[in-house]
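**Q** Okay, handing you the structure first.
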Amino acid sequence: MSSCCPSTYNSTMSRLAFSFLLLLGTLVSIILILPGMEDNLKKIPGFCVNGNSLPFIEGKVNCDMIVGYKSVYRMCFAMACFFFLFSLIMIRVRSSKDPRAALQNGFFWFFKFLVLLGITVGAFFIPDGIFTTVWYYFGVVGSFIFIIIQLILLVDFAHSWNQSWLERAEEGNSKCWYGALLSVTFINYAMAFSAMVLFYIYYTKPDDCTEHKVFISLNFIFCVIVSIVSILPKVQEAQPSSGLLQASLISLYTMYLTWSAMTNNPNKNCNPSLLSLVQPSTTPPPGPIPTQAPGPVQWWNAQSIVGLLIFLFCTLYASIRSSNNAQVNRLMQTEEGQGLTADIEASPGEDGVRRAVDNEEDGVTYSYSFFHFSLFLASLYIMMTLTNWYTPNTDYETMKTTIPAVWVKICSSWLGLALFLWTLVAPLVLPDRDFS
Numbered sequence: 108m109s110s111c112c113p114s115t116y117n118s119t120m121s122r123l124a125f126s127f128l129l130l131l132g133t134l135v136s137i138i139l140i141l142p143g144m145e146d147n148l149k150k151i152p153g154f155c156v157n158g159n160s161l162p163f164i165e166g167k168v169n170c171d172m173i174v175g176y177k178s179v180y181r182m183c184f185a186m187a188c189f190f191f192l193f194s195l196i197m198i199r200v201r202s203s204k205d206p207r208a209a210l211q212n213g214f215f216w217f218f219k220f221l222v223l224l225g226i227t228v229g230a231f232f233i234p235d236g237i238f239t240t241v242w243y244y245f246g247v248v249g250s251f252i253f254i255i256i257q258l259i260l261l262v263d264f265a266h267s268w269n270q271s272w273l274e275r276a277e278e279g280n281s282k283c284w285y286g287a288l289l290s291v292t293f294i295n296y297a298m299a300f301s302a303m304v305l306f307y308i309y310y311t312k313p314d315d316c317t318e319h320k321v322f323i324s325l326n327f328i329f330c331v332i333v334s335i336v337s338i339l340p341k342v343q344e345a346q347p348s349s350g351l352l353q354a355s356l357i358s359l360y361t362m363y364l365t366w367s368a369m370t371n372n373p374n375k376n377c378n379p380s381l382l383s384l385v386q387p388s389t390t391p392p393p394g395p396i397p398t399q400a401p402g403p404v405q406w407w408n409a410q411s412i413v414g415l416l417i418f419l420f421c422t423l424y425a426s427i428r429s430s431n432n433a434q435v436n437r438l439m440q441t442e443e444g445q446g447l448t449a450d451i452e453a454s455p456g457e458d459g460v461r462r463a464v465d466n467e468e469d470g471v472t473y474s475y476s477f478f479h480f481s482l483f484l485a486s487l488y489i490m491m492t493l494t495n496w497y498t499p500n501t502d503y504e505t506m507k508t509t510i511p512a513v514w515v516k517i518c519s520s521w522l523g524l525a526l527f528l529w530t531l532v533a534p535l536v537l538p539d540r541d542f543s
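The numbering of the sequence shown is the numbering used here, which starts it at 108 and goes up by one.
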């Protein structure tokens, strides 16, 4: 794996490879939950069988379990088990000289893939029933933690972005770079403010949706507070790289979490679909309203797609990041290190191929165990995103939205804002500690 990317650090390539496995599992989950997949499978003669509680019996497949939300639960369960197993194996690995480091960085990728494939096949043999409900609550808790990790990565990205453009402004053509910095910051704030206004218009009612009014108002106030704190003279003196760019990006992400939370409100009067916002509603004919059976879970609504894009960005960034922010490095259990490309020129091997540079002989640049634990949480986040955070109904055949999903997302936005605020004021609150 590493030999394919010359002059690259071994630690970076390992993270990219494991992230690829996560993205591959995500792609499979998306394919399995696509609409019409079950109907297409049932068209295959002798492939599907109905009424069995276990798949792969007598050469046939229970198609109800390998498509839809049940397939996403099992696929993400397999990925979560895989990464959690590696998280346990890699506890307290200090350098690449540890024999276990070979499992992380060595040439065992084919066998790792086989292990993941074996766990996946086994996951589809899990009987229906209590598994779905229990795994849903695991997904809620894990996703809550992963949302915080995403925000930390976005803070780190904004810090690196701001520092890079400030350095370029000092090197020359300062008007251009300062103008670009100001423009991006203004666009972020404009989008965040526009989102807040749209939330009040479409997700609140004059005599209803009180909780939405509280969520929108509080998060707007909190975003204003962290923005003001980020440009206070004492904060700027302690952290010259802090500024409005970071605060604007966090404000925009907070508005996304607010929107995502409101879309999980079971009160349909306060939770209109995007389709109903762009298409005029038709008045139903008089008479009793016919009842309809609940349809399949649809993950392709706007907030889920945005959540997937943010997840893809954060996963890639976590694999190649090289942060100079000491506080973020402590939170993510990484060291100040190199990025995707090595500064040291790799010497060619006997076959003439330049190998990846082992930069962890003296000490690892990131916690192997924490990295896999983050991917474990990411697997749970993907599961909840693709199923819209819906909880399985009592019959385990349908899904429904519940208010706990709303509170999980709102609380994660508040905790994320608190963490960002802490990265700003920590040097002032604890002046005796070294935050350089």
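Backbone N, C-alpha and C fix where the C-beta goes; we use that ideal spot for every residue, glycine too.
1. Where does C283 land, buried or exposed, given buried means 16+ other C-beta within 10 angstroms?
2. As a quick exercise: from M491, V515, D539 and W529, pick the residue whose alpha carbon is nearest that of S136.
3. With distances taken between CB atoms, is the gap from N371 to W268 smaller than 9 Å?
4. So, for T509: in the same chain, excluding its five sequence neighbours on each side, which residues have a beta-carbon less than 7 Å away from its beta-carbon?
5. Can you name, in chain order, every residue of its own chain whose Cβ lies under 8 Å from the Cβ of L128, other than the five neighbours on each side?
6. Tell me the DSSP secondary structure of P373 in three-state form.
7. Roughly how many angstroms lie between the CA atoms of Y424 and T441, to the nearest whole one?
8. How is the alpha helix (DSSP H) around T239 delimited, first residue to last?
9. Between which two residues does the alpha helix (DSSP H) holding V200 run?
10. Please report the straight-line C-alpha distance between I252 and L487, rounded to a whole angstrom.
11. Between the C-alpha atoms of F79 and F125, what's the straight-line distance to the nearest angstrom?
12. Classify Y244 as buried or exposed, calling it buried when 16 or more other Cβ atoms lie within 10 Å of its own Cβ.
13. Taking N495 as part of the alpha helix (DSSP H), name the residues at either end of that continuous run.
14. Here's a check: name, in chain order, each residue in its chain whose Cβ is nearer than 7 Å to the Cβ of Q410, leaving out the five neighbours to either side.
15. Give the straight-line distance between the Cα atoms of A400 and P234, rounded to the nearest whole angstrom.
16. Find out if the Cβ-Cβ distance for the pair C183, I412 is shorter than 9 Å.
17. Exposed or buried, which one is P206 when buried takes at least 16 other CB atoms within 10 Å?
18. At the level of alpha carbons, what is the spacing between P313 and M362?
19. What residues are listed by DSSP as bridge partners for T227?
20. According to DSSP, which residues form a beta bridge with Y473?
21. Quick one: is V333 buried, meaning 16 or more other Cβ sit within 10 Å of its Cβ, or exposed?
22. Just confirm the distance between the C-beta atoms of S194 and F480, as a whole number of angstroms; I'd bet it's less than 8 Å.
23. My assumption, with CB atoms under 8 Å, is that C518 sits in contact with Q257. Please give the rounded CB distance.
24. Any idea what DSSP makes of T398, helix, strand or coil?
25. Would a C-beta distance cut-off of 9 Å place L419 and G523 closer than the cut-off?
26. Just to confirm my understanding: we take V262, look at its own chain, exclude 5 residues before and 5 after, and list those with CB closer than 7 Å. What are they?
27. Identify, in the order they occur along the chain, each residue of the same chain with its Cβ nearer than 6 Å to the Cβ of Y473, setting aside the five sequence neighbours on each side.
28. By how many angstroms is the C-alpha of S324 removed from the C-alpha of T311?
29. Comparing C-alpha positions only, which one of S348, L493 and V179 sits nearest to Q270?
30. Short check: CB of Y296 to CB of W242, under 9 Å?
31. Could you name the residues of the same chain whose beta carbon sits closer than 6 Å to that of V247, not counting the 5 residues immediately before and after it, in chain order?
32. Does T227 have its Cβ less than 9 Å from a Cβ in chain B?
33. Using only alpha-carbon positions, find the residue among I338, S121, T494 and V536 that is nearest to F215.
34. Which one or two residues does DSSP pair with D315 in a beta bridge?
**A** Working from what's here:
1. exposed
2. M491
3. no
4. P373 and T498
5. M186, F189, K219, F220 and L223
6. coil
7. 13 Å
8. I237 to E278
9. From DSSP, V200 is part of no alpha helix (DSSP H); its letter is neither H nor E.
10. 10 Å
11. Here the chain comprises residues numbered 108 to 543, so residue 79 is not present and cannot be evaluated.
12. exposed
13. Premise fails: N495 is in no alpha helix (DSSP H) and is neither H nor E.
14. W366, S367 and T370
15. Below a pLDDT of 50, predicted positions are generally treated as unreliable, and A400, at 37, falls in that range; no measurement from the model is reported.
16. no
17. exposed
18. 21 Å
19. Answer by DSSP bridge pairing: none, since T227 is not bridged.
20. T441
21. buried
22. 4 Å
23. 15 Å between Cβ atoms; not a contact.
24. Note that T398 scores 37 on pLDDT, short of 50, meaning its location in the model is unreliable; the coordinates nonetheless yield the value given after this. Looking at T398 - three-state DSSP - the assignment turns out to be coil, as it is neither helix nor strand.
25. no
26. Q353, I357, V435, F527 and T530
27. T441
28. 12 Å
29. S348
30. no
31. V515
32. Checking the listed chains, one finds no chain B in this structure; it contains a single protein chain.
33. S121
34. K312
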